[in-house]
Amino acid sequence: MNSQLRKNLLFNTAGSLLFYLCQAALNLLVTALAGVAANGMLATAMTIANVCLSVASFGMRTFQVSDLEGKYADRTYLLSRYVTLTAAGAGCLAFAFVNSYSAEQRWVIALYTAYRLIESWSDVWHGYLQKAERLDVVGISFGVRGLVTAGTVTLGLVLTGNLVITLAALFALNAVYVLAVDLPLAQKHADFATRGGGSVWALLAECAPLAVYAALNTAIPSVPRYFCERVLGTVKMSYFNNVFLPVLILQVAVIYLFVPFITTFARLWNQKDKAGFFRGLVLLAAALAAMWAAGAAGVALLGRWGLSILYPTSPEILDYAPLLQPLVLATVCTVVSTVLCHLLTIARDMRGLILGNLAGLAAAAAVSVPLLRAFDVWGAAFATIAGIGVQALCLLAFLLAKCRRQFA
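Going by this note's numbering, the first residue of the sequence shown is number 32, and it counts up by one from there.
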């Protein structure tokens, strides 16, 4: 591993983890400063925003950074992102008004989704930096924005006590940061003068399967949460999200440990280096097995104590501590599926991506309501495991089939 890759690995993992820790801390902050009901509204907005974010990003980041031959110009990737951001924002507003949400809930959904869409806006700029092997810069940006996010929510709720006003400030400050910091840094590594290659619409058409896969991939864990709120209410949805918080830290850390290796796997694939590619897969499998063992042991020993530390004003959440074990398994399944999706994107197996994610979504949708009614909040965890488990098995089958042809 060369020095720049080590630097990328360190800064990108640390910065991204800090960013998502601060995002996850929003549940803690809102619960403590505004109450469980307000956090339930935020949890509902988070579920919707996750799907909108996947639509806006269009599954394009891995495609962008693995476009080593310059099939599409840098300006084409940027212009396409403005198209998808507009579509995602419109879809969010439509969904908020189709469902029977209160006016306050709709404002929370709209503003939180707008805040998350800034992440998609910065993502295309970070793609330029990643292609230039400067993920260390991306990691620093994530870390700073994470601290801005946590600080804004804390001050906003302390000073106003109003979740809507706080989210509006959160959106504005993050937008200003990306405009003032991320864009100038990324522009140094982007070539906007070149206008060759395919058009915006050609890029969107080629990446449409990636967008479908991204939306499906995000929808799989979102479906159990959506039905959790609809069947059990916002308060239990809040409890589910709060228990999931410490497990989310593990998930985000492992996923971002993998990100710097995407270009390495792409190079091994293009060079048809079978030994190197499968050696990487074996190392990933070993790391995931170790993660599962460490996570299961950690929540068994420290889970209840950790929840009592995180939520001192909500002792009733300790009744849901047993949720931690199935959520660790759900997290491992999520990481496996995420890695497999990246690898199938590198292999350009769009058909396998879509079919694998469709299978997972169908499984999650089929079992969510029955499991919620049978097992209460635990049903959301079981439905998540079922959906992502089916997804991972299908994706693995498609990847192995593609490998047989690539390395024949």
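Idealized CB from N, CA, C, for every residue including glycine. Since this is a predicted model, take the numbers as computed values, not measurements.
Are the Cβ atoms of residue i and residue j separated by less than 9 Å?
| i | j | result |
| --- | --- | --- |
| L216 | W156 | yes |
| Y103 | A233 | yes |
| W152 | L124 | no |
| L49 | L178 | yes |
| A242 | V86 | yes |
| L201 | N273 | no |
| I149 | V209 | yes |
| Q282 | A327 | no |
| T107 | G229 | yes |
| A68 | L276 | no |
| N43 | F173 | yes |
| Q422 | N248 | yes |
| A318 | V266 | no |
| L31 | A119 | Residue numbering for the chain in the displayed model covers 32 to 439; residue 31 lies beyond these limits and cannot be assessed. |
| A439 | A417 | no |
| A74 | F271 | yes |
| Y159 | A245 | no |
| I377 | P252 | no |
| V254 | L354 | no |
Quick one: grab the DSSP three-state call for residue i.
| i | result |
| --- | --- |
| Y113 | helix |
| G326 | helix |
| G228 | strand |
| Y342 | coil |
| Y103 | strand |
| N130 | coil |
| Q35 | helix |
| R382 | helix |
| D304 | coil |
| F289 | helix |
| S399 | helix |
| K219 | coil |
| R404 | helix |
| D98 | coil |
| G387 | helix |
Mark residue i as exposed unless 16 or more other C-beta atoms lie within 10 angstroms of its C-beta, in which case mark it buried.
| i | result |
| --- | --- |
| K303 | exposed |
| R256 | buried |
| D350 | exposed |
| E347 | exposed |
| K219 | exposed |
| S133 | exposed |
| V169 | buried |
| L340 | Reading off the sequence shown, one finds Ile at residue 340, where the question assumed Leu. With fewer than 16 other Cβ atoms within 10 Å, it is exposed. |
| T294 | buried |
| L374 | buried |
| L315 | buried |
| R404 | exposed |
| A141 | buried |
| V278 | buried |
Judging by CA-CA distance, which residue of the options is the nearest neighbour of residue i?
| i | options | result |
| --- | --- | --- |
| Y143 | L204, A199, S34 | A199 |
| F89 | S253, E237, A320 | E237 |
| V26 | Q356, L424, V209 | The structure shown does not extend to residue 26, since the chain spans only 32 to 439, so no value can be given for it. |
| F289 | Q356, S368, V330, T344 | S368 |
| V400 | V262, G420, R379 | V262 |
| A63 | A325, P343, G174, L431 | P343 |
| S131 | A306, E260, V285 | E260 |
| S34 | N70, G71, D167, R106 | D167 |
| L426 | R176, G174, R382, Q437 | R382 |
| A145 | M268, Y51, V82 | V82 |
| N70 | M268, L52, L109, T180 | M268 |
| A432 | R379, G66, L110 | R379 |
| G264 | V408, F296, G101 | V408 |
| T93 | V184, F292, V175, A396 | F292 |
| L57 | T197, W323, F126 | T197 |
| L41 | R165, A321, L60, L194 | R165 |
| A65 | R310, V184, F308 | V184 |
| A163 | V212, S47, L36, A127 | L36 |
- Message: Pairs of beta-carbons, one from the segment 88-100 and one from the segment 211-225, closer than 8 Å: are there three or more?
- Response: By the Cβ criterion, the segment 88-100 is not in contact with the segment 211-225, since fewer than three pairs of Cβ atoms, one from each stretch, lie closer than 8 Å.
- Say whether the segment 355-369 touches the segment 402-415, bearing in mind that this needs 3 or more beta-carbon pairs closer than 8 Å, one atom from each stretch. Here the segment 355-369 makes contact with the segment 402-415; the two share three or more CB pairs at distances below 8 Å.
- Item | Contact between the segment 204-213 and the segment 72-85 (3+ Cβ pairs under 8 Å) | At 8 Å Cβ cutoff, the stretches do not touch.
- Item | Three or more C-beta pairs below 8 Å linking the segment 378-388 and the segment 324-342 | Judged by Cβ distances under 8 Å, the segment 378-388 makes no contact with the segment 324-342, as fewer than three pairs qualify.
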